[in-house]
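Peer 1: Here the sequence shown stands for residues 1428 to 1894, where the numbers follow our numbering. All C-beta atoms, glycine included, are put in the ideal place defined by N, C-alpha and C.
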Amino acid sequence: MTIRRTAGNRQPLPGTGSAGRRGPALRGPGALVCAVAVAATTLAGCASDTAGGDKVITALVPAAGAGLASQYAEYYKALAAEFKATTGATVKFQYFNSPDQETTLIQTSLVSGSGPDIVDYGSSFGGTLYETGGFLTLTEDDWKAVGGRDTFIPALLSMSGKGEGKEIGIPHTTVPYVMAYNTAMFAKAGIDRPPTTWTEWIDDAKRLQKANPGVHGVGIDPADGFDPWKFAWSYTHQLGGSGFLSKDGKTAALDSPQLNSAVDFYFAQIYQHKVAPAESLTWNNAQMVAAFLGGKVAMLPIATNSVQLAAADQPIAKDIGLAPMPNVPYGMTERPAGGTPAQSIVAGRDWAIPSYAKGKKDLALALAKASVSPSVNKKQYELTGWMPATTAGMDQLATDHPEAKPLIAVAGQEEPTEFTGAWSYIQTGIGTAIKNVAGNLATTGSWKPDYLTAQLANQNKAVQAHL
1428 MTIRRTAGNR QPLPGTGSAG RRGPALRGPG ALVCAVAVAA TTLAGCASDT
1478 AGGDKVITAL VPAAGAGLAS QYAEYYKALA AEFKATTGAT VKFQYFNSPD
1528 QETTLIQTSL VSGSGPDIVD YGSSFGGTLY ETGGFLTLTE DDWKAVGGRD
1578 TFIPALLSMS GKGEGKEIGI PHTTVPYVMA YNTAMFAKAG IDRPPTTWTE
1628 WIDDAKRLQK ANPGVHGVGI DPADGFDPWK FAWSYTHQLG GSGFLSKDGK
1678 TAALDSPQLN SAVDFYFAQI YQHKVAPAES LTWNNAQMVA AFLGGKVAML
1728 PIATNSVQLA AADQPIAKDI GLAPMPNVPY GMTERPAGGT PAQSIVAGRD
1778 WAIPSYAKGK KDLALALAKA SVSPSVNKKQ YELTGWMPAT TAGMDQLATD
1828 HPEAKPLIAV AGQEEPTEFT GAWSYIQTGI GTAIKNVAGN LATTGSWKPD
1878 YLTAQLANQN KAVQAHL
């Protein structure tokens, strides 16, 4: 069995803006890195599944990002404690440090029929896991065991499977994407609210540059492996496109006129409107965020609350605003027929239970339920920035953290990406095309529409071969 994927939906880590999980290296498929002992205050060493005669399950989860070991340890400790309190059982956490490691661990486990009892995965990876046929389909009783299907944010359930009754994923976090802007620079430019259309976005960027000499209105990161395709996906849907696949999921649509226009507008911020710096053609997410936090750019089109968390100890922290992404294409006053707001993909993390772990399904479901409990939700947001996956959890977040209002508004309106086993090829294809176009623009200094069209056509053929 071969599972092919890239990093999928990166859930930006506080302070990094990256999905890179830098932690203890896995020593091989199935190797338990370490476990949280509920009574301990630090991560404990691995133990056998029958330690102390207790019931034990193993959960495959992401390792901490750079500099976040203590935050993740505290979060996983809280989750383990809640699980212990409700079941009397112990959870051991098996960590993956990268999507490739997670893929290897899952693939090896499915083939051998032995491994973690429950798997934590990024929502866009759901289609790939579903098509392996190696995960339990959730029944009505299973949903009741985790609090009820209707307790979850409806948008998140769209990535749990191929419709109600055909779901494998239980959502436990969401990380909606928004735009970020410098409120002090906005005030200096006389702009009293964030833009709601892409025409306003460009106009505001020019006003920001004029009022703040030396500052660029916009920062982009075409060299990043995640952000550009999210931007292109949203803009494509706002134009009325089907996304990256046809509605029936059988035909690649990377060569659609809507996607072509989306990528064109993305780069037009440099070559036409001149509101993004030319050097940003080589930027990744970390470099783009650094430019924003350093006061070199005034707006970011793709961001999460990790930007605010990264700035927590910096003077700019008080000047960072978050708002829903503009949702009307450039040059238009309203979206064309069929266009949707598409202000954020469904971005979050789910639990899935391997079929070989059916004997521990009840405990696995109990862990999933513990992960959306009020106490764990509170720790989760404050320590990692991940938002709750349930409507009750989101209501409580709004009460406890009013500053999260823009994020909460977008979380309820997230739109699903394509649920397909070919997702990794789609994401890689879009990313490759955008990187190549960025490189060509940087090298030649001129915009070549035909080059963009050719790049998208080439990647479209590559994706079609996997449908």
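If you measure between the beta carbons of Val1773 and Leu1537, is that distance less than 9 Å?
Peer 2: For this step, residue 1773 is matched to residue 346 along the sequence shown. For this step, residue 1537 is matched to residue 110 along the sequence shown. No, they are not a contact pair.
Peer 1: Measure the CB-CB distance between Leu1894 and Gly1560 and report whether it falls below 9 Å.
Peer 2: Position 467 of the sequence shown holds residue 1894. Position 133 of the sequence shown holds residue 1560. No, the Cβ-Cβ distance between Leu1894 and Gly1560 is not below 9 Å.
Peer 1: With distances taken from CA atoms, which of Ile1729, Val1716, Pro1751, Tyr1757 is nearest Ile1743?
Peer 2: Here residue 1743 is taken as the residue at index 316 of the sequence shown, counted from 1. If we check each option's Cα against that of Ile1743, Val1716 comes out closest.
Peer 1: Buried or exposed: Ser1873, going by 16 or more other Cβ atoms within 10 Å of its Cβ?
Peer 2: Indexing the sequence shown from 1 puts residue 1873 at position 446. That one is exposed.
Peer 1: Beta-carbon separation of Ala1689 and Thr1709 under 9 Å?
Peer 2: For the purposes of this step, residue 1689 is taken as residue 262 along the sequence shown, with counting starting at 1. For the purposes of this step, residue 1709 is taken as residue 282 along the sequence shown, with counting starting at 1. Cβ distance not < 9 Å, so Ala1689 and Thr1709 don't count as in contact.
Peer 1: Measure the alpha-carbon distance for Tyr1503 versus Asp1691 and round it to whole angstroms.
Peer 2: Stepping through the sequence shown from its first residue, residue 1503 is reached at position 76. Stepping through the sequence shown from its first residue, residue 1691 is reached at position 264. The straight-line gap from Cα to Cα measures roughly 43 Å.
Peer 1: Examine the Cβ distances between the region 1596–1608 and the region 1752–1771 and report whether three or more of them are shorter than 8 Å.
Peer 2: yes
Peer 1: Apart from the five residues just before and just after Pro1684, which ones in its own chain have a Cβ nearer than 7 Å to its Cβ?
Peer 2: The residue labelled residue 1684 in the question sits at position 257 within the sequence shown. None.
Peer 1: Determine, using beta carbons only, whether Tyr1757 and Trp1628 come nearer to each other than 9 Å.
Peer 2: Position 330 of the sequence shown, counted from the first residue, corresponds to residue 1757. Position 201 of the sequence shown, counted from the first residue, corresponds to residue 1628. Their beta carbons are under 9 Å apart, which means Tyr1757 touches Trp1628 by this criterion.
Peer 1: Using beta-carbon positions only, say whether Thr1844 and Gly1646 come within less than 9 Å of one another.
Peer 2: Counting from 1 along the sequence shown, the entry for residue 1844 is found at position 417. Counting from 1 along the sequence shown, the entry for residue 1646 is found at position 219. Not in contact: Thr1844 and Gly1646 (Cβ atoms no closer than 9 Å).
Peer 1: Measure the CB-CB distance between Phe1562 and Pro1526 and report whether it falls below 9 Å.
Peer 2: The residue you call residue 1562 lines up with position 135 of the sequence shown. The residue you call residue 1526 lines up with position 99 of the sequence shown. Cβ atoms of Phe1562 and Pro1526: not closer than 9 Å.
Peer 1: Can you check whether the C-beta of Lys1832 is within less than 9 Å of a C-beta belonging to chain B?
Peer 2: Looking for chain B here will not work: only one protein chain is present.
Peer 1: Please classify Phe1846 as buried or exposed, where buried requires at least 16 other C-beta atoms within 10 Å of its C-beta.
Peer 2: Within the sequence shown, residue 1846 is the residue found at index 419, counting from 1. Per the 10 Å Cβ criterion, buried.
Peer 1: Curious, which full-length alpha helix (DSSP H) runs of at least 4 residues does the region 1580–1608 contain?
Peer 2: You should have 1581–1584.
Peer 1: Where does the unbroken alpha helix (DSSP H) through Asp1654 begin, and where does it stop?
Peer 2: Within the sequence shown, numbered from 1, the residue matching residue 1654 stands at position 227. 1654–1665 is the extent of the alpha helix (DSSP H) around Asp1654.
Peer 1: Could you tell me which of Gln1636, Asp1619, Lys1796, Ala1816 sits nearest to Lys1511, measuring between CA atoms?
Peer 2: Here residue 1511 is taken as the residue at index 84 of the sequence shown, counted from 1. Here the closest residue by C-alpha is Lys1796.
Peer 1: Which parts of the region 1857–1884 are runs of the alpha helix (DSSP H), unbroken and 4 residues or longer, counting only runs that do not cross its ends?
Peer 2: none
Peer 1: Given Asn1867, which residues of its chain have a CB within under 6 Å of its CB, disregarding the five upstream and five downstream residues?
Peer 2: As a first step, residue 1867 must be located in the sequence shown, where it is residue number 440. Tyr1878, listed in sequence order.
Peer 1: Give the range of the alpha helix (DSSP H) segment to which Trp1625 is assigned.
Peer 2: Position 198 of the sequence shown holds residue 1625. Where Trp1625 is concerned, the enclosing alpha helix (DSSP H) stretches over 1625–1638.
Peer 1: Since I believe Tyr1698 is in contact with Pro1655 (beta carbons under 8 Å), could you give me their beta-carbon distance rounded to a whole number of angstroms?
Peer 2: Translated into the one-based positions of the sequence shown, residue 1655 becomes position 228. Translated into the one-based positions of the sequence shown, residue 1698 becomes position 271. No, Pro1655 and Tyr1698 are not in contact; Cβ-Cβ is about 15 Å, not under 8 Å.
Peer 1: Let me know if Thr1678 comes out buried or exposed under the rule of 16 or more other beta-carbons within 10 Å of its beta-carbon.
Peer 2: Residue mapping note: residue 1678 aligns to position 251 of the sequence shown, counting from 1. Taking all protein chains in view, the Cβ of Thr1678 is surrounded by fewer than 16 other Cβ atoms within 10 Å, so the residue is classified as exposed.
Peer 1: Check the C-beta distance from Ala1680 over to Leu1686 and give it rounded, since I have them as a contact under 8 Å.
Peer 2: Residue mapping note: residue 1680 aligns to position 253 of the sequence shown, counting from 1. Residue mapping note: residue 1686 aligns to position 259 of the sequence shown, counting from 1. Between Leu1686 and Ala1680 the Cβ distance is about 7 Å, and since that is below 8 Å, they are a contact.
Peer 1: Can Trp1850 and Pro1753 be called in contact, C-beta distance under 9 Å?
Peer 2: Position 423 of the sequence shown, counted from the start, is the residue given in the question as residue 1850. Position 326 of the sequence shown, counted from the start, is the residue given in the question as residue 1753. Contact flag unset, no.
Peer 1: Using the Cα positions of Leu1790 and Thr1623, report the straight-line distance between them to the nearest angstrom.
Peer 2: Stepping through the sequence shown from its first residue, residue 1790 is reached at position 363. Stepping through the sequence shown from its first residue, residue 1623 is reached at position 196. Those two C-alpha atoms are separated by around 45 Å.
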